[in-house]
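Everything on this sheet refers to the single structure shown next.
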Amino acid sequence: MRRHRQAWRLSGRPVNPALDVRTENWAPGTTPGIASPLLDVFATVVQTIELGGKRSRRRNVVAADRDVATAGVRVVERQIALETARTYVQALRARGQLETLSANRDGFTTLIDTARRRAEEANLAKSRFLAT
């Protein structure tokens, strides 16, 4: 977002001027740095003046890009919030299932112990019957 703010700020600046420096008529015996009457030097400065609302169009394009980026950030934030809520609900369900399974395990342990005692009593009664 910081980049988009900076781009929007910079999009309103005027176009930079251009400077062009050229020389002509260098003679074979001319020494650099020493002015020669035959040496021609040209300097041209160009400042572009934008017409037809180009600056405002450029700012509008940057503002639209900023709005798209902001919307994208909001979508990602919503997705993160939804995923967090889903994960939390899954954790709550898992905790409830763990408690249910623990209670079932305790109940099954009691049933197994009861069945084991009954089987032992039945074996004891059978062995007494066979012994008589």
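One rule links them: number in this note's numbering = place in the sequence shown (from 1) + 5. Yeah, the Cβ is synthetic: ideal placement off N, Cα and C, and Gly gets one too.
On the criterion of 16 or more Cβ atoms from any shown chain inside 10 Å, does residue i qualify as buried, or is it exposed?
i	result
residue 67	buried
Taking residue i as the reference, give the member of the options with the closest Cα.
i	options	result
residue 51	71, 25, 76	25
residue 21	47, 8, 53, 92	53
residue 48	23, 56, 57	23
In the DSSP output, which residue or residues are listed as bridge partners for residue i?
i	result
residue 28	46
residue 23	51
(message) Which complete beta strand (DSSP E) runs does the stretch 39 to 111 hold, if anything under 3 residues is left out?
(response) 45 to 51
(request) Mind the definition here: the stretch 54 to 62 touches the stretch 22 to 31 only if three or more C-beta pairs lie below 8 Å; say whether that holds. (result) no
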